[in-house]
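Residue numbers (my numbering): 1248 to 1668.
All C-beta atoms, glycine included, are put in the ideal place defined by N, C-alpha and C.
Model, not experiment: these values are computed from the prediction.
So the structure is just underneath, and the comments pick up after that.
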Amino acid sequence: MDSWTSNINQLFKFASSDLLSQAASVPKHKKLVVTTDSLIEGVHFPVNTPAHAIAHKSLAVNLSDIAAMGACPHVISLVLGLPYYDEEWLGEFVKAWVELSQTFNVPLISVKSFRTLNKIEIHVTAFGLLGKSEGLYRHTAQAGDYVYVSGAIGEAAAGLFLELHQNVDKNRERNKSKDRLIALNTTELLTMSKHEKKLIARLRYPTPRLALGQALNGVASACIDISDGLVADLGHLVQRSKVSACINCDDIYISDALQQTFLGDGDFSINEVVGTELSLVSLAKFDSSSSSSSSSSSSSSSSSSSSSSSSSSSSSSSSSGSGSGDVSMLRDFTLVGGDDYELCFTSPPHNVSKIEALSQQYDIPLTCVAVLDTIDKANINEECCQSKVVNRGAYSGSNITVIDANGELYFPLKKSYEHFD
């Protein structure tokens, strides 16, 4: 064992007794589920993102995959790539990792480390357990099912926008030199409003919906977590299930933090960021120089089901405000923003009361945003999509249609995040 790995193992052992002996067994009468994911500096988080935020997110996004399968977390392994050894940074990383792992009772069974050329890399594999008759999948949704999302999607994408907007001049110069982008530091965060801080916290510290995922066994017909954006991830689900979906973008729950920041008196102009060709994750989606929305002569009926929300402040994205914010911008945060790590699940109409009860039990908004139909009923106006070049990737072949409250087709400014776009 090299000295780096030995030292890192010692840090984890000092903080927690959960570090086991490189292996784990599967209890009898249980099924094992496995997921793996990577977070790379400059791709999934900006330079100078705090170590505790990187640790939290790298564990949380993997636990979110476990939640989407309806499983209980079992054990987890970590591979950590660093350009240099920094004990203070590692101390923060280990502390945050141990805090979250203890919160969800998921022991770390293995830690490996290696030296990278110039960036941080986090590779995590998570193992979960299911009862023999349990499990949520992507291919089991049925036409007629309602589509629900948990929590307030769009907040993380807004947090990324704020993170880079506040550093727009700095990041514009770095982009010219093809350098990586810079996160806000503690001093800069102190100048932000409580709503702005909440949005950035949602980006840095996602909450895996493990309890909800387990409770959805026997209630949800299919499930996926939202990492690349609602349009993209629901698109994966409907393709696997061989159905189509019509999303009403004005049914999506818009949090108070989003409304106050972008529809209140905030002075945000997306044009300040446009043109910098920022490469981190998906900021370039929100380019207001593109047409923000389009209507077509063809229309579609929206979901007849009302949202089940535990919050009385739930509001449609059709809300108006006095600031320079754009409703289309909020819609796009929720539709194609990504990084939410909320659950998107389907369920038959007769389960509405059960879902309302789960919303109250876990104090999480569970909002109906779409209805599934057969593939031949997919309301995709291909000619309109062809005329909106930037949108073709979000819709072409995905069996997803987005409409507004008036039943008119709505086109996000940009397509959802793609890893090799």
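- By the C-beta density criterion, Ser1380 is exposed, having fewer than 16 other C-beta atoms within 10 angstroms.
- Around the beta carbon of Tyr1332, fewer than 16 other beta carbons sit within 10 angstroms, so the residue counts as exposed.
- In this structure Asp1392 is in contact with Ser1468, their Cβ atoms being roughly 5 Å apart against a cut-off of 8 Å.
- A direct Cα-to-Cα measurement between Leu1327 and Leu1656 gives close to 45 Å.
- Partner residues in the beta bridge of Cys1493, as assigned by DSSP, are Val1618 and Thr1648.
- C-alpha of Gln1608 to C-alpha of Val1353: approximately 23 Å in a straight line.
- Counting only runs of 3 or more residues that sit fully inside the segment 1446-1496, the beta strand (DSSP E) segments are 1469-1472 and 1490-1495, in chain order.
- In this structure, the CA atom of Leu1510 is about 7 Å from the CA atom of Val1574.
- Around His1483, the same chain offers Arg1385 and Ile1471 as residues with beta carbons nearer than 7 Å, after the five sequence neighbours per side are excluded.
- With contacts defined by Cβ atoms closer than 7 Å, Glu1443 and Ala1430 do not form a contacting pair.
- Thr1593 is positioned such that its CB atom lies closer than 7 Å to that of Val1394.
- Two segments are said to touch when three or more pairs of C-beta atoms, one from each, lie closer than 8 Å; by this definition the segment 1273-1286 does not touch the segment 1435-1442.
- Within the model, the alpha-carbon separation for Gly1317 versus Gln1506 is close to 32 Å.
- The shortest CA-to-CA distance from Tyr1500 to any of Arg1578, Leu1619 and Phe1361 is the one to Arg1578.
- Taken through DSSP and simplified to helix, strand or coil, Arg1362 comes out as strand.
- With respect to Gly1584, Ala1404 sits close: the two C-beta atoms are nearer than 7 Å.
- Per DSSP, Phe1580 has no beta bridge partner at all.
- With three or more CB-CB distances shorter than 8 Å, the segment 1615-1624 counts as touching the segment 1481-1495.
- Contact annotation: the segment 1360-1377 does not touch the segment 1341-1350, with fewer than three C-beta pairs closer than 8 Å.
- Assigned with DSSP and collapsed to three states, Val1273 falls in coil, not helix or strand.
- Going by DSSP, Ala1343 is part of no beta strand (DSSP E) but of the alpha helix (DSSP H) stretching over Glu1334 to Thr1350.
- Residue burial annotation: Ser1253 is exposed, with fewer than 16 other C-beta atoms found within 10 angstroms of its C-beta.
- Contact between the segment 1487-1497 and the segment 1599-1606 is absent, with fewer than three C-beta pairs closer than 8 Å.
- If you draw a 10 Å sphere on the C-beta of Ser1474, you find 16 or more other C-beta atoms in it, and that means buried.
- When the five nearest sequence neighbours on each side are left out, the beta carbons in the same chain lying within less than 8 Å of the beta carbon of Thr1387 are those of Ser1468, Ala1469 and Ser1488, in order along the chain.
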